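Numbering (my numbering), first residue to last: 562 to 783.
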């Protein structure tokens, strides 16, 4: 039996597991640090707590996993207008996540350049993500088995844009940490939904693929 289907399912599994690990990891780690508030304190400030190293690992891993997930999207949906821009921008989101993990801010004695890179990368990611998935939306619409993801992608993309502009223009005094986590959660849930949908399609297609492969093998033996 060919192992190709299991290889094809790797990006989907990565998307499913990766999002869950990041969400659970953030909740578990943040609630374990005395004095740190998930609602009040920013996600970035957690990097300087005793468990900050765990957040750094999670963000580095998430960035790498998003790169793998982008490859899965590249091979599984039909190309429409904006497809290549969407894939490139989504892959860039993964790279920016790794920059956010590598350069911290808000700690006394930290190089000023670290805070600058971190801030630019954070807001850049907030803009890149919605543009990336909205660019992919036409491809979802044009792919028969992916049409159900189209409307959800539009909703997630518009919500992400609204949230990032709200962060840029508004003030969230006392609940900025919660606001940031809503932004991140919107992106992670989108990845989770799309990854689950992709895996379900692969599972459904596997019997058909095996049937075709079996027929080809029998035909080749005549």
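Glycine included, each C-beta is placed from N, C-alpha and C at the ideal position. Nothing here was measured: the structure is a model prediction, and the numbers come from that model.
For a quick check, are the C-beta atoms of residue i and residue j less than 8 Å apart?
i, j, result
"residue 738", "residue 598", "yes"
"residue 686", "residue 658", "yes"
"residue 753", "residue 580", "yes"
"residue 744", "residue 718", "no"
"residue 735", "residue 601", "yes"
"residue 697", "residue 633", "no"
"residue 691", "residue 653", "no"
"residue 621", "residue 589", "no"
"residue 638", "residue 707", "yes"
"residue 604", "residue 742", "yes"
"residue 720", "residue 577", "no"
"residue 615", "residue 586", "yes"
"residue 626", "residue 575", "yes"
"residue 635", "residue 648", "yes"
For residue i, count neighbouring C-beta atoms within 10 Å of its own C-beta (all shown protein chains included) and say buried if the count is 16 or more, exposed if not.
i, result
"residue 683", "buried"
"residue 714", "buried"
"residue 724", "buried"
"residue 618", "exposed"
"residue 700", "buried"
"residue 716", "exposed"
"residue 709", "exposed"
With a CB to CB cut of under 6 Å and the five nearest residues on each side skipped, what residues in its chain are close to residue i?
i, result
"residue 664", "675, 678 and 679"
"residue 624", "655, 658 and 659"
"residue 751", "717"
"residue 641", "699, 700 and 703"
Please report whether the beta-carbon of residue i lies at a distance below 8 Å from any beta-carbon of chain B.
i, result
"residue 721", "No chain B is part of this structure, which consists of one protein chain only."
Note down, in chain order, each residue of its chain lying with its Cβ closer than 8 Å to the Cβ of residue i, except the 5 sequence neighbours on either side.
i, result
"residue 749", "580, 583 and 584"
"residue 740", "724, 727, 728 and 733"
Please work out which residues of its chain come closer than 7 Å, Cβ to Cβ, to residue i, disregarding the five sequence neighbours upstream and downstream, and give them in chain order.
i, result
"residue 612", "590, 593 and 594"
"residue 711", "698, 701 and 702"
"residue 704", "638 and 639"
"residue 757", "577"
"residue 631", "648, 651, 652 and 655"
"residue 646", "696"
"residue 747", "717, 720, 721 and 724"
"residue 766", "none"
TODO: Within the segment 625 to 683, note down every full alpha helix (DSSP H) run reaching 4 residues or more, in order along the chain.
DONE: 644 to 663
Task: alpha helix (DSSP H) segments (min. 4 residues) lying fully within the segment 675 to 740 - done: 708 to 730
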